[in-house]
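Everything below concerns the one structure shown next.
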Amino acid sequence: MTETEMLNELTKLRDELSVLKDRLSHLEATVTERTQSQQTYQPTSVQEQLAQEIMSRPARPDQSTQYSGR
């Protein structure tokens, strides 16, 4: 195996590893979300869910999320 072939193979493996890490973090987030929702599950109406989401938002967005119009 030449040096170029080895470097190409290493690049492929790095790319595969990156994809697998992304998938793992997504799966971990999903498991965490489902675990939390099972612990605190209470059937609520859509209106109640929306009200909770709106109330949990910060009153003033920080500079990074605020639209400046520019």
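First residue of the sequence shown? That's 0 in numbering that gives the first Met the number 0, and the numbers climb one at a time after it.
Ideal Cβ placement from N, Cα and C applies to all residues, glycine included.
Quantities reported herein were computed from a predicted structural model and do not represent experimental measurements.
Delimiting residues of the alpha helix (DSSP H) encompassing residue i
i	result
S44	Here S44 belongs to no alpha helix (DSSP H), and DSSP marks it neither H nor E.
Coarse secondary structure for residue i, derived from DSSP in three states
i	result
R56	coil
T1	coil
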